[in-house]
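Engineer: Per my numbering: the sequence shown = residues 3 to 310. Where a beta carbon is used, it is the ideal one built from N, C-alpha and C, also for glycine.
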Amino acid sequence: MKIAVLSTIKSLYSTRRLVQSAQMRGHECVVIDHSQCYVGIKQGKPSIHYKGQDISDVDAIIPRIGASVTFYGSAIVRQFEVMGVISANPSQAITRSRDKLRCMQILSGAGIGMPTTGFARRTHDVDDLIKMVGGPPLVIKLLEGTQGIGVVLAETKKAASSVIEAFYGLGNNILIQEFIKESRGTDIRAFVVDGKVVGAMKRTAKEGEFRSNLHRGGTAEIIKLNKAERETAVRSARELGLTVCGVDMIPSDRGPLVLEVNSSPGLEGIEKATNKDIAGEVIAFLEKQYILKQQTKKERKAKAGPKL
3 MKIAVLSTIK
13 SLYSTRRLVQ
23 SAQMRGHECV
33 VIDHSQCYVG
43 IKQGKPSIHY
53 KGQDISDVDA
63 IIPRIGASVT
73 FYGSAIVRQF
83 EVMGVISANP
93 SQAITRSRDK
103 LRCMQILSGA
113 GIGMPTTGFA
123 RRTHDVDDLI
133 KMVGGPPLVI
143 KLLEGTQGIG
153 VVLAETKKAA
163 SSVIEAFYGL
173 GNNILIQEFI
183 KESRGTDIRA
193 FVVDGKVVGA
203 MKRTAKEGEF
213 RSNLHRGGTA
223 EIIKLNKAER
233 ETAVRSAREL
243 GLTVCGVDMI
253 PSDRGPLVLE
263 VNSSPGLEGI
273 EKATNKDIAG
283 EVIAFLEKQY
293 ILKQQTKKER
303 KAKAGPKL
């Protein structure tokens with residue numbers, strides 16, 4: 003296959019590992035900056051170009067779409083899909099997961115456990131919003147935040163009100179969530195590929211920090227998921243339509259609670275913690291999809307019969 007990793011930075015660990023794994027398995031693999039792609043929309047002949055070249059000969063793509071370019075990146079993935087190119091994740095699922103509010107609404111509707119969450123727009127609703135999630139301490143999150151950026155723990159009602167009003171004053175959309183004290187600064191990242199958990203790690207926040215993100219100084223170690231955690235991770239991916247994702251959960255007295263589902267999860271932390279070839283699992287999934295696509299083509303050709 004010819005595989006394209008859609009990434010704006012070639013030097014990132016995740017990008018390098020995907021390219022390395024694809025090449026080791028005998029595939030041609032290139033890195034394409036999706037922010038520099040542009041599309042041609044024509045009846046019966048959609049196309050996509052990159053730096054002046056038509057790249058319609060790609061067999062499969064692995065989207066590594068950053069939060070800051072979700073709209074444009076998803077549009078590029080969608081164009082590849084229109085052209086019949088296999089994608090590690092569907093464009094629609096990427097947009098679902100990137101919108102944290104939409105993601106939580108979908109998972110809630112499916113009955114998947116999560117911290118009690120509130121969302122509002124007007125500052126005079128703050129008191130009822132705080133009450134809705136069980137009062138302080140509570141967690142305030144920017145809808146567009148990543149890697150723990152834009153996540154604040156408010157210990158008191160006064161602090162919560164101040165932070166919420168400040169975010170609203172800057173025109174930001176935010177979520178307010180209950181604080182799960184029994185998690186004790188830990189969370190779980192389950193890496194799901196094709197409906198199966200292929201690796202999992204427990205992340206622990208550094209001393210004095212409640213965010214366990216590795217980018218915030220947290221540490222990671224391999225963990226064996228229990229049945230509830232595994233089922234929650236797999237169901238979350240399925241409900242959002244993601245075939246490759248990282249599901250972040252925290253332990254609680256009422257079972258695992260989903261914090262976020264990441265459609266472009268980093269590989270460095272999970273591979274180092276588990277000592278597993280997670281990149282290889284992603285490539286293996288694309289190989290499986292490619293074989294199925296070829297088989298479908300042969301079956302359709304056989305049904306059509308010989309040309310007269």
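(1) Checking 8 Å against the spacing of the C-beta atoms, do residue 178 and residue 144 come in under that value?
(2) Can you find the residues in the same chain that come closer than 8 Å, C-beta to C-beta, to residue 197, ignoring five residues on each side of it along the sequence?
(3) Spell out the partners DSSP gives residue 81 in its beta bridges.
(4) Excluding the 5 residues flanking residue 263 on each side, which residues of the same chain have their C-beta closer than 8 Å to its C-beta?
(5) Measuring straight from C-alpha to C-alpha, what distance separates residue 74 and residue 9?
(6) Is there a Cβ of chain D sitting closer than 8 Å to that of residue 108, yes or no?
(7) In this structure, how does DSSP classify residue 51 when only helix, strand and coil are distinguished?
(8) According to DSSP, is residue 128 part of a helix, a strand, or is it coil?
(9) How should residue 111 be labelled, buried or exposed, when 16 other C-beta atoms within 10 angstroms of its C-beta is the threshold for buried?
(10) Helix, strand or coil: how does DSSP classify residue 157 here?
(11) Could you please give me the residues that DSSP links to residue 8 through a beta bridge?
(12) Tell me whether residue 296 is buried or exposed, calling it buried when 16 or more other Cβ atoms sit within 10 Å of its Cβ.
(13) Output yes or no for whether 8 Å exceeds the beta carbon distance between residue 76 and residue 93.
(14) Based on Cα-Cα distance, which residue from 278, 47, 53 lies nearest to residue 39?
(15) Whole-angstrom Cβ separation of residue 64 and residue 96, contact assumed at under 8 Å?
(16) Using DSSP with H/G/I as helix, E/B as strand and the rest coil, what is residue 135?
(17) Evaluate the contact criterion for the region 126-135 versus the region 160-167: three or more CB pairs, one atom per stretch, below 8 Å.
(18) Cβ atoms of residue 118 and residue 30: under 8 Å apart, would you say?
(19) Return the residue from the list 22, 259, 14 that minimises the CA-CA distance to residue 5.
(20) Taking the DSSP output, what are the residues bridged to residue 56?
(21) When you compare the CB positions of residue 35 and residue 292, do they come within less than 8 Å of one another, or not?
(22) Can you give me the start and stop residues for the beta strand (DSSP E) that residue 262 sits inside?
(23) Beta-carbon within less than 6 Å of residue 253's beta-carbon, same chain only, minus the 5 sequence neighbours each way: which residues are those?
(24) Three-state secondary structure (DSSP) at residue 1?
(25) Tell me where the beta strand (DSSP E) around residue 41 begins and ends.
(26) According to DSSP, which residues form a beta bridge with residue 89?
Structural biologist: Per the coordinate set shown:
(1) No, Cβ-Cβ distance for residue 178 and residue 144 is not below 8 Å.
(2) Excluding residues up to 5 positions away in sequence, 236, 239, 240, 245 lie with their Cβ nearer than 8 Å to the Cβ of residue 197 in the same chain.
(3) None; residue 81 has no bridge partner.
(4) The residues are 99, 105, 109, 238, 239, 242, 244, 247, 248, 249, 250.
(5) Near 13 Å, if we compare the C-alpha coordinates of residue 9 and residue 74.
(6) Absent from the structure: chain D. Only one protein chain is present.
(7) It is a strand residue.
(8) In this structure, residue 128 counts as helix in the three-state DSSP scheme.
(9) Of the residues assessed, residue 111 falls on the exposed side of the cut-off, its CB having fewer than 16 other CB atoms within 10 angstroms.
(10) If DSSP states are grouped into helix, strand and coil, residue 157 belongs with coil.
(11) The partner list for residue 8 (beta bridge, DSSP) reads 34, 65.
(12) With fewer than 16 Cβ atoms within 10 Å of its Cβ, residue 296 is classed as exposed.
(13) Closer than 8 Å, so yes.
(14) The residue with the shortest Cα to Cα distance from residue 39 is 53.
(15) Their Cβ separation, rounded to whole angstroms, is 12 Å, which puts residue 64 and residue 96 out of contact at 8 Å.
(16) Three-state DSSP puts residue 135 in coil, outside helix and strand.
(17) Taking 8 Å as the limit for Cβ pairs, the verdict is that the region 160-167 does touch the region 126-135.
(18) No. Outside cutoff.
(19) If you compare the alpha carbons of 22, 259, 14 with that of residue 5, the shortest gap goes to 22.
(20) Paired residues: 51.
(21) Not a contact, by the Cβ cut-off of 8 Å.
(22) The continuous beta strand (DSSP E) containing residue 262 extends over residues 259-264.
(23) Excluding its 5 nearest sequence neighbours in each direction, residue 253 has C-beta neighbours in its own chain below 6 Å: 185, listed in chain order.
(24) Lying outside 3 to 310, the shown extent of the chain, residue 1 is not represented and no answer is given.
(25) Boundaries of the beta strand (DSSP E) harbouring residue 41: 39-42, taken from the DSSP string.
(26) 63.
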